[in-house]
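> Chains A and B, in that order, give the protein sequences.
Our numbering numbers the first residue of the first sequence as 15 and each following residue consecutively.
Our numbering numbers the first residue of the second sequence as 15 and each following residue consecutively.
There are 2 protein chains.
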Amino acid sequence: MSYTDILIDYNMENFTIFNPTQIHFGKNAIDELPDKIKEYTDHILLMYGKGSVIRNGYHRIITDKLKGAGIKITEFSGIKPNPLVSDVEKAISAGINNNVGLVLALGGGSVIDSAKITALCIPEKLNAWDVVIAKVNPKQALPIFTVLTLAATGTEMNQFAVVQNEETKEKLGFRSHLMYPVHSFINPEFTYSVPADYTAYGIVDLIAHCFENYFGIGESSLSENFVASVVKESMYYAPLLLKDLNNYNYRANILLQSTFALNGTTMVGKSSGDWGVHAIGHTLSVLFDTPHGASLSVAYPAWLKLMKDKIPDKISNLSRLIYGSEEVDLFIEKIELFFKTIGSPVNLIEAGIELSEKEKIIDLMKKNKISGYKYQFSEYEKITDLMYGIL
Amino acid sequence: MSYTDILIDYNMENFTIFNPTQIHFGKNAIDELPDKIKEYTDHILLMYGKGSVIRNGYHRIITDKLKGAGIKITEFSGIKPNPLVSDVEKAISAGINNNVGLVLALGGGSVIDSAKITALCIPEKLNAWDVVIAKVNPKQALPIFTVLTLAATGTEMNQFAVVQNEETKEKLGFRSHLMYPVHSFINPEFTYSVPADYTAYGIVDLIAHCFENYFGIGESSLSENFVASVVKESMYYAPLLLKDLNNYNYRANILLQSTFALNGTTMVGKSSGDWGVHAIGHTLSVLFDTPHGASLSVAYPAWLKLMKDKIPDKISNLSRLIYGSEEVDLFIEKIELFFKTIGSPVNLIEAGIELSEKEKIIDLMKKNKISGYKYQFSEYEKITDLMYGIL
């Protein structure tokens, strides 16, 4: 089918466009942080990870600025790269016990996602996992502020959060309109310290978000063009950045692309992304603590190979938008090569997961019945073989 | 200079991203209107134009729905296509005298812009023109709701308004964070009644917004890609729509493109658009009541011809993004031909403005010292000659 024929059949569903987060971007971004906090409270819960923000000095810069403005800080640190709901529970308790009025996340996606859930659970003293699995429906949240230190998930400007339950061996994402950050502060200099591998994983993640939205529910050619814009730009800047990690301009561009990959722009006119590949990736992270982006560079090529006979037109249209060529096999090869070139693994062996783990992966996918919202699949053995590069 | 060289030099200024408007899009869009209004008030000021919304039945649909929900309506009608500040003053009085709690605009850009200024002036009983020229700075505004009936200005999802002062012969745009509509309702069926000429003018307007942002202050390659996305999509759907005015899908796409042309997306990473061509267009509207979009299809090709020797790289990059070719003269020809093909005038004679008016145009541009924010110009005679097709 030609692109023209496809477009003429497109029909836009009923949908909403809404994203109230205010982004403050640039070298002076955090100057406004104290004043914006004081519009709400003078006592915050500051959440961060395992110490890199202390080693890199960002923690000191932020706390000096806040204390100087008379803002009281309760700290909660130790959020892990694959964030655990048990840590979120502890942060909720810390917030409740200290009667904080706002949650400030200093970090990347795991810290921000944990902070979002914490802010959602404090006012009504809710159990975090109950909220994640929609057993309870929060009516309010504390204001959420973020200072971003990693270009990847886009969580600084959306209503999503992902968290892992160690007991049930699930890593789940969910959405709530109450989880939009009020203010997010992005100084590209705060990402200079991200090493090459995690820089690459972040780029994989943002591209994966574009793809998940492209393969999502609803048809909108404008959003597909936006997908191609973000993907092409990130493919352009990625190799430049990886050769020059302290370049302001490259860091700034990758940050902006990661924000726009998942702030609604790449899914305007649609009701949901597909998220099937993220579900596969989460399986790897739960089992092997695989970094999120690395899990996606393994899973996406495999998923495309699984789907190429089922939805060839949809994949070839994406290829046309990004590369100007409609050849599906070539497209998958190019995507795989791009991930590999920037230093992210494209099969399980490269990700350090031995062939002996195969059944474990298949079993957990089966147990959690993972699939996509738009494109269903249950060929767990086949996709695992594809991820090992066996097929 | 190659595109690669240009991009490497790009440097993103400090900027913010913020747009809190909620868009409800689709055939069922207005179902939620009464409930959303009642979150704020049970007495609204309903503003609309010269009667087409009554003839087409939209007024009846809306008022039945609101009255059925127990919402009291004070009406103000008669807003003109080039909206007058004197009408806005009357609307402000009507709002104050009737103690309304919200302003609902039912119409296109002129009605919505008038409603925005009205909502901004009612709480503190301000003079509208004082607000437009920033002589006073409003501290609050009534909530602004819109029901859109024309794809063009994008005002349904931004903080801008444009209004004309008959006495000073100025048509000025201004911005205020208080003027973001809270909710905008877009049912593409409500635009079926827009005739071909005004449909075309709206398309010119949305493309002009993309161009103004492209030529604006600040450098961001992502926004340039978004510009190209919106322009290419609208050039694709425009001829389809003009042959099939009651096609839901085509109307929906053009509407979405007009919203995204000026909701911040095409200027992300920048601090302002250029707006020089709009200033020229406003001059024509003030003098001859030229429809806004028609004034822009006359002014843009002329401005590009004026600028092509000053900023050839900037124009050729836009050509590359849209057409894949960097030839500046060919680009200007293609843009002009596109406007002409969809039925919008590309010179003053086609717009019904005789050569005898030349001095009047030059004099008013001089008097109002019109120019762009980024690219200054004062060659008023030359640009007028270019608009007449004399040069």
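We put the beta carbon where it would ideally sit given N, CA and C, even for glycine.
Does B/T213 come within less than 8 Å of chain A when only Cβ atoms are used?
Chain A, which has no Cβ nearer than 8 Å to the Cβ of B/T213, makes this no.
> According to the neighbour-count rule (16 or more other Cβ atoms, all chains shown, within 10 Å of its Cβ), is A/S392 buried or exposed?
Exposed, because fewer than 16 other Cβ atoms sit within 10 Å of the Cβ of A/S392.
> Output needed in chain order: residues of the segment 234–250 of chain B with a Cβ under 8 Å from some Cβ in chain A.
Per Cβ criterion, the list reads S234, S235, L236, N239, F240, A242, S243, V244, K246, E247 and Y250.
> Can you pull the chain B residues whose beta carbon is under 8 Å from the beta carbon of A/G40, in chain order?
At a beta-carbon threshold of 8 Å, the residues of chain B lying near A/G40 are M26, E27, N28 and F29, ordered along the chain.
> Chain B partners of A/A43, CB-CB under 8 Å?
N28
> What alpha helix (DSSP H) runs, 4 residues minimum, are completely inside the segment 83–147 of chain B?
If only uninterrupted alpha helix (DSSP H) runs of at least 4 residues are considered, those enclosed by the segment 83–147 of chain B are 99–112, 123–135 and 142–146.
> In terms of residues, what are the limits of the beta strand (DSSP E) holding B/G307?
For B/G307, there is no enclosing beta strand (DSSP E); the enclosing alpha helix (DSSP H) covers residues H306 to M321.
> Secondary structure at B/T160, three-state DSSP: helix, strand or coil?
Three-state DSSP puts B/T160 in a strand.
> What is the DSSP secondary structure of A/Y389, counted as helix, strand or coil?
coil
> Nearest by alpha-carbon distance to B/T30: which of A/I44, A/Y62 and A/A316 is it?
A/I44
> Tell me which residue opens and which closes the alpha helix (DSSP H) that B/K380 is part of.
K372 to K381 is the span of the alpha helix (DSSP H), which, as asked, contains B/K380.
> Assign B/I20 to one of three DSSP states: helix, strand, or coil.
Reliability of the predicted coordinates at B/I20 is poor, the pLDDT of 49 falling under 50, and no value is obtained from them.
> Under a three-way DSSP split, which group does A/L405 fall into?
coil
> Within the same chain, show all residues whose beta-carbon is closer than 7 Å to that of B/L369, passing over the 5 residues directly before and after it, in chain order.
Answer for B/L369: Y402, listed in chain order.
> Who are the neighbours of A/P34 on chain B, taking C-beta pairs under 7 Å?
P34
> Under 8 Å Cβ-Cβ, which residues of chain A neighbour B/I37?
Simply T30, I31 and F32.
> Could you tell me the distance, in whole angstroms, from the CA atom of B/S234 to the CA atom of B/K383?
29 Å
> Take every Cβ of the segment 68–85 of chain A, pair it with every Cβ of the segment 220–238 of chain A, and state whether three or more of those distances are shorter than 8 Å.
no
> Taking contact to mean at least 3 C-beta pairs separated by less than 8 Å, is the segment 371–385 of chain B in contact with the segment 294–314 of chain B?
yes
> Can you list the residues of chain E that A/V282 reaches, using a CB-CB cut of under 8 Å?
Annotation note: the requested chain E is absent from the structure, which comprises protein chains A and B.
> If I follow the unbroken beta strand (DSSP E) through A/G187, where does it start and stop?
Boundaries of the beta strand (DSSP E) harbouring A/G187: E184 to R189, taken from the DSSP string.
> Label A/L344 either buried or exposed according to how many other C-beta atoms from any shown protein chain fall within 10 Å of its C-beta, with 16 as the threshold for buried.
exposed
> I need the DSSP call for A/S198, collapsed to helix, strand or coil.
strand
> So A/H209 packs on A/Y262, CB below 8 Å; how close in whole Å?
Correcting the residue type first, residue 209 of chain A is Pro in the shown sequence and not His. So it is not a contact: roughly 18 Å between Cβ atoms.
> So which residues of chain B does A/A266 contact, with C-beta pairs closer than 7 Å?
The contacting residues are M26.
> Below 8 Å, can you find three or more Cβ-Cβ pairs linking the segment 161–176 of chain B to the segment 122–142 of chain B?
yes
> How far does the beta strand (DSSP E) with B/P34 in it extend, from its first residue to its last?
F29 to F39
> Report the rounded CA-to-CA distance for A/K354 versus A/V241, giving the unit in angstroms.
21 Å
> Tell whether a beta-carbon distance below 8 Å holds between A/V432 and A/L59.
Limits of chain A in this structure are 15 at one end and 405 at the other, which puts residue 432 of chain A out of reach.
> Quick one: which residues of the segment 350–366 of chain A get their C-beta closer than 7 Å to a C-beta of chain B? List them in chain order.
none
> Which residues does DSSP list as the beta-bridge partners of A/N179?
A/E184
> For the alpha helix (DSSP H) containing A/I217, list its first residue and its last residue.
A210 to Y228
> Given A/R189, which residues of its chain have a CB within under 6 Å of its CB, disregarding the five upstream and five downstream residues?
Q173 and F174
> Between A/F274, A/N28 and A/I363, which lies nearest to A/A166 when the distance is taken from Cα to Cα?
Closest option to A/A166, Cα to Cα, is A/F274.
> Does the CB of B/I20 have a neighbour CB from chain A at under 8 Å?
Annotation note: pLDDT 49 at B/I20 (below 50); position unreliable, coordinate value reported separately. It does not; no Cβ of chain A falls within 8 Å.
> B/M61 lies in the beta strand (DSSP E); which residues open and close that run?
H57 to M61 is the span of the beta strand (DSSP E), which, as asked, contains B/M61.
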